[in-house]
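For reference, the structure is listed below as structure tokens.
Numbering (the working numbering), first residue to last: 5 to 479.
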């Protein structure tokens, strides 16, 4: 269903040019059909085949479908008639890649899924806006993405060379049967290479440097996609590969140890501090949100570092809950930034937010809800998402876990500083120009839905949390 969607939308788009909205409608219909198939799809126990349709796939597919619909709405009015079909087809192909990575039980399948995300992303970034800033941002993302793919492929080739197979189930069995001295160090080193390559997609430090320049050069719809989708596919790939590295067939009582845990812990701490501290200095709105996106990758790495220890709250479940919440809040924020601006005067700097509460009070209110959620304050689902990560790290009972929990809490306070500054600019500073009324109703609707969901998931978080926990039960 996912793979058929891009083909149908792109082929239909070859009809004579008309309203660009029809491609958005076709995209939503394709996602709706995939959503229906998702509700009917069987959940099977893990096997030795190339695909693994388990609870984890069910969760990733649900999150990607919901966020894909929201991204379609954000993209709705930002593409001209001549490129709308290709842009929506690229978005569907990207979502197909995310699901292919989650479904794969094979190294080749995982790598193909990663590339199925990367290649349409280059095209989508280029199509969304055709000026020199976009061209520069696209080229930077393209070159650095190739570099990261080389790291991942090199690490995967090591795993294949040591295990003699690309099937994850067979690799797990080989590691489990091996003695403590049989090539396990090489497996760990291969996993460090893979983590390094995937860190580019996560915007983890020190692989984060491209993000501010790219975010500044693309449209809000592209920034929304870049802030969320690469993180989903990156963490999905890591959650498929990391347990295998330790000879575990599933997430039950799994947690990284040794060099892999040290690497993840250092990445988490550096990413949180670098992202938040550099965000404090920004006057460009898009660069600030880019550094914010980097910091959120650090929070999620805390959950991955803790793993699925039985000592307390599951770090992996907390990671999945946070990933879903982050997708809703960040897509909502970029949707509202898109809706508040115009094609001739987009919101680019913090000063552009001045007086927004008076010119567009509804957008300012919804944007404030998303910002409060991203800062991790009540009454939003973002508060519970950060609380789950904190409890997962603290309840682990180790010194490493306590350090991660304290670091997360300190960085949450730092992040609240610049998020609340944005709200202050909207409500307490006067604009020197007259702001036009929003002409992007689809983005407005997406932002409204995200703001409502951000509040609703504070009051009713249990369904999402249960889904995150169940995603691990049969994985």
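Where a beta carbon is used, it is the ideal one built from N, C-alpha and C, also for glycine.
Coil, strand or helix - residue i by DSSP
i: residue 110; result: strand
i: residue 358; result: coil
i: residue 20; result: Its pLDDT being 49, under 50, residue 20 is placed unreliably by the model, and nothing is read from it.
i: residue 288; result: strand
i: residue 342; result: helix
i: residue 459; result: helix
i: residue 415; result: helix
i: residue 296; result: helix
i: residue 312; result: coil
i: residue 435; result: coil
i: residue 353; result: strand
i: residue 322; result: helix
i: residue 410; result: helix
i: residue 250; result: coil
i: residue 62; result: helix
i: residue 334; result: helix
i: residue 162; result: helix
i: residue 234; result: helix
i: residue 80; result: coil
i: residue 36; result: helix
i: residue 190; result: helix
i: residue 444; result: coil
i: residue 467; result: helix
i: residue 11; result: Confidence at residue 11 is low in this model, with a pLDDT of 48, below 50, so the placement of that residue should be treated as unreliable; the coordinate-derived value is given next. Looking at residue 11 - three-state DSSP - the assignment turns out to be helix.
i: residue 381; result: coil
i: residue 224; result: helix
i: residue 259; result: coil
i: residue 1; result: This structure does not reach residue 1, given that the chain is present from 5 up to 479, and the question cannot be answered.
i: residue 402; result: coil
i: residue 317; result: coil
i: residue 45; result: coil
i: residue 474; result: helix
i: residue 92; result: helix
i: residue 146; result: helix
i: residue 87; result: helix
For residue i, the residue or residues it bridges with in DSSP
i: residue 55; result: 108
i: residue 171; result: 110
Whether residue i touches residue j by CB criterion (8 Å)
i: residue 156; j: residue 202; result: yes
i: residue 89; j: residue 27; result: yes
i: residue 289; j: residue 217; result: no
i: residue 380; j: residue 462; result: no
i: residue 450; j: residue 74; result: yes
i: residue 375; j: residue 423; result: yes
i: residue 307; j: residue 192; result: no
i: residue 81; j: residue 446; result: yes
i: residue 285; j: residue 238; result: no
i: residue 299; j: residue 319; result: no
i: residue 412; j: residue 296; result: no
i: residue 372; j: residue 430; result: yes
i: residue 281; j: residue 214; result: no
i: residue 198; j: residue 245; result: yes
i: residue 435; j: residue 342; result: no
i: residue 91; j: residue 129; result: no
i: residue 59; j: residue 475; result: yes
i: residue 63; j: residue 293; result: no
i: residue 459; j: residue 383; result: yes
i: residue 360; j: residue 368; result: yes
i: residue 291; j: residue 232; result: no
i: residue 87; j: residue 131; result: yes
Whole-angstrom C-beta distance between residue j and residue i, which should lie under 8 Å
i: residue 392; j: residue 317; result: 6 Å
i: residue 311; j: residue 234; result: Their Cβ separation, rounded to whole angstroms, is 22 Å, which puts residue 311 and residue 234 out of contact at 8 Å.
i: residue 194; j: residue 221; result: Not a contact, Cβ separation roughly 34 Å.
i: residue 172; j: residue 248; result: 5 Å
i: residue 69; j: residue 38; result: 6 Å
i: residue 419; j: residue 408; result: The pair is not a contact, with the Cβ atoms about 16 Å apart (cut-off 8 Å).
i: residue 335; j: residue 71; result: 6 Å
The ligand SAH heavy atom lying under 7 Å from the CB of residue i
i: residue 466; result: The ligand SAH is not part of the structure shown, which contains no ligands of any sort.
Cβ contact (3+ pairs, closer than 8 Å) linking the stretch 104–117 and the stretch 211–229: no
Inter-stretch contact at 8 Å, needing at least 3 Cβ pairs: the stretch 329–341 / the stretch 199–214: no
Any 3 or more C-beta pairs closer than 8 Å across the stretch 96–103 and the stretch 123–133: yes
Touch test, the stretch 274–288 against the stretch 106–113, Cβ-Cβ under 8 Å, three pairs minimum: no
Cβ pair count under 8 Å reaching 3, the stretch 348–367 against the stretch 465–477: no
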